[in-house]
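S.K.:
Residue numbers (this note's numbering): 1416 to 1683.
#1: Classify residue 1620 as helix, strand or coil using the three-state DSSP reduction.
#2: Going by other Cβ atoms of all chains shown within 10 Å of its Cβ, with 16 needed for buried, is residue 1648 buried or exposed?
#3: Once the 5 residues before and after residue 1620 are set aside, which same chain residues still bring their CB inside 6 Å of it?
#4: Spell out a yes or no on whether the stretch 1607-1616 and the stretch 1470-1481 are touching, meaning 3 or more CB-CB pairs, one atom from each, closer than 8 Å.
#5: If the criterion is Cβ atoms closer than 7 Å, does the pair residue 1549 and residue 1599 meet it?
#6: Per the DSSP calculation, residue 1531 is bridged to which residue(s)?
#7: Does DSSP put residue 1572 in a helix, a strand or coil?
#8: Provide the residue(s) that pair with residue 1445 in DSSP beta bridges, ordered along the chain.
#9: Between the C-alpha atoms of residue 1465 and residue 1626, what's the straight-line distance to the nearest angstrom?
#10: Can you tell which of 1592, 1494 and 1633 has its C-alpha closest to the C-alpha of residue 1606?
#11: Just to confirm the assignment, what range does the alpha helix (DSSP H) spanning residue 1586 have?
#12: Check whether the stretch 1443-1460 and the stretch 1635-1644 touch, using three or more Cβ-Cβ pairs below 8 Å as the test.
#13: Which whole-angstrom value describes the C-beta separation of residue 1654 and residue 1560, a residue pair presumed to lie in contact below a C-beta threshold of 8 Å?
#14: Just grab the DSSP bridge partners of residue 1471 for me.
#15: Assuming residue 1507 and residue 1449 are in contact, meaning their beta carbons sit under 8 Å apart, how far apart are those beta carbons, in whole angstroms?
#16: For residue 1554 and residue 1487, which I take to be in contact (beta-carbon distance under 8 Å), what is that distance rounded to the nearest angstrom?
#17: Flag this pair as yes or no: are the beta carbons of residue 1477 and residue 1545 separated by less than 7 Å?
#18: Do you know offhand how far residue 1513's Cα is from residue 1570's?
#19: If residue 1437 and residue 1523 are in contact, beta carbons under 8 Å, what's the gap, nearest whole angstrom?
#20: Are residue 1551 and residue 1491 closer than 7 Å when you measure CB to CB?
#21: Could you tell me the boundaries of the alpha helix (DSSP H) in which residue 1650 lies?
#22: Checking 7 Å against the spacing of the C-beta atoms, do residue 1659 and residue 1635 come in under that value?
#23: By DSSP, does residue 1562 sit in helix, in strand, or in coil?
#24: With a CB to CB cut of under 8 Å and the five nearest residues on each side skipped, what residues in its chain are close to residue 1441?
#25: Taking just the CA atoms, how far does residue 1534 sit from residue 1624?
#26: With 16 other CB atoms within 10 Å as the buried threshold, where does residue 1563 fall?
#27: Hey, how far is the Cα of residue 1582 from the Cα of residue 1521?
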């Protein structure tokens, strides 16, 4: 199937999924979770086929800025659908689906290859896979932290807003946030370890900033988890620490790749 057809199909399905969830959020329609999950799954399949066509090349995989963005948005949607099986997180699709659509449009606008990793370089591929999965999970955690932040503020001011009425109890939201952070920390540690093992020089000029930002963000997340279990950090405090760690991680990944690949036209 052609790249354009897959892209248009995925964009259409993501748009339908976003519209249905938005109408459900506002109380205009009552949507069945099974139906919205099916639409999201079909969009994910089209997104995945498009991703394979653009990511996989003869002898390797392309992890350039736009290709990585499409991969991360695919993983975000996949993780969201998996979480949604046992947790009420479907409202996060209001951010995840449009994000996926934006990355697909970006890829169509500039699809050329920039950064190939050989298919037989299993060590590097494992490092990239762990890193990108960690970034995707922390992106979801950042979205969860933002929602939790506003939920806390509105509950403290006794403001019975549309947001408060549509969200699960505060304890459920906090529990889900820390589950995401725990899983992300484990993946990030594994990504750093595989990077140390399989990247020739982890502190080489083109990856030093990524390594430093990754270590800084890991320190923030570990401090958050320690604070959670020793000082009972929760609510707005947990949201702020999560967003700080995610910002550092995103600066290290997206910031460096954008500057190196799109400004200086070098491999990032």
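Note that the Cβ used here is the ideal one computed from N, Cα and C, for glycine as well.
M.R.: This is what the structure holds:
#1: Annotation note: pLDDT 49 at residue 1620 (below 50); position unreliable, coordinate value reported separately. Three-state result, residue 1620: coil.
#2: Label assigned to residue 1648: buried.
#3: The predicted position of residue 1620 is uncertain, since its pLDDT is 49 and thus under 50; no value can be drawn from it.
#4: No, because fewer than three Cβ pairs between the stretch 1607-1616 and the stretch 1470-1481 fall closer than 8 Å, the two stretches do not touch.
#5: The Cβ atoms of residue 1549 and residue 1599 lie closer than 7 Å to each other.
#6: DSSP, once it has assigned bridges, lists 1477 as partnering residue 1531.
#7: If DSSP states are grouped into helix, strand and coil, residue 1572 belongs with coil.
#8: DSSP links residue 1445 through a beta bridge to no other residue.
#9: For the pair residue 1465 and residue 1626, the Cα-to-Cα distance works out to about 30 Å.
#10: Ranked by Cα distance from residue 1606, the options 1592, 1494 and 1633 are led by 1633.
#11: Counting along the chain, the alpha helix (DSSP H) containing residue 1586 begins and ends at 1585-1613.
#12: Between the stretch 1443-1460 and the stretch 1635-1644, the count of Cβ pairs shorter than 8 Å is below three; the stretches do not touch.
#13: Approximately 4 Å separates the beta-carbon atoms of residue 1654 and residue 1560; this is inside 8 Å, confirming the contact.
#14: For residue 1471, which the question treats as bridged, DSSP gives the partners 1476.
#15: With 8 Å as the limit, residue 1507 and residue 1449 do not qualify as a contact, their Cβ atoms being about 18 Å apart.
#16: The C-beta distance from residue 1554 to residue 1487 rounds to 7 Å, short enough to meet the 8 Å contact threshold.
#17: Not closer than 7 Å, so no.
#18: Straight-line measurement puts the Cα of residue 1570 at about 28 Å from the Cα of residue 1513.
#19: That belief does not hold up - the Cβ atoms of residue 1437 and residue 1523 are roughly 24 Å apart, past 8 Å.
#20: Residue 1551 is a Cβ neighbour of residue 1491, given a cutoff of 7 Å.
#21: Per DSSP, residue 1650 belongs to the alpha helix (DSSP H) from 1650-1665.
#22: If you check the CB distance, residue 1659 and residue 1635 come in under 7 Å.
#23: Of the three classes helix, strand and coil, the one that applies to residue 1562 here is helix, per DSSP.
#24: Cβ neighbours of residue 1441 within its own chain (closer than 8 Å, five residues either side excluded): 1577.
#25: Near 26 Å, if we compare the C-alpha coordinates of residue 1534 and residue 1624.
#26: Around the C-beta of residue 1563, 16 or more other C-beta atoms lie within 10 Å, and the residue is accordingly described as buried.
#27: Roughly 31 Å separates the two Cα atoms.
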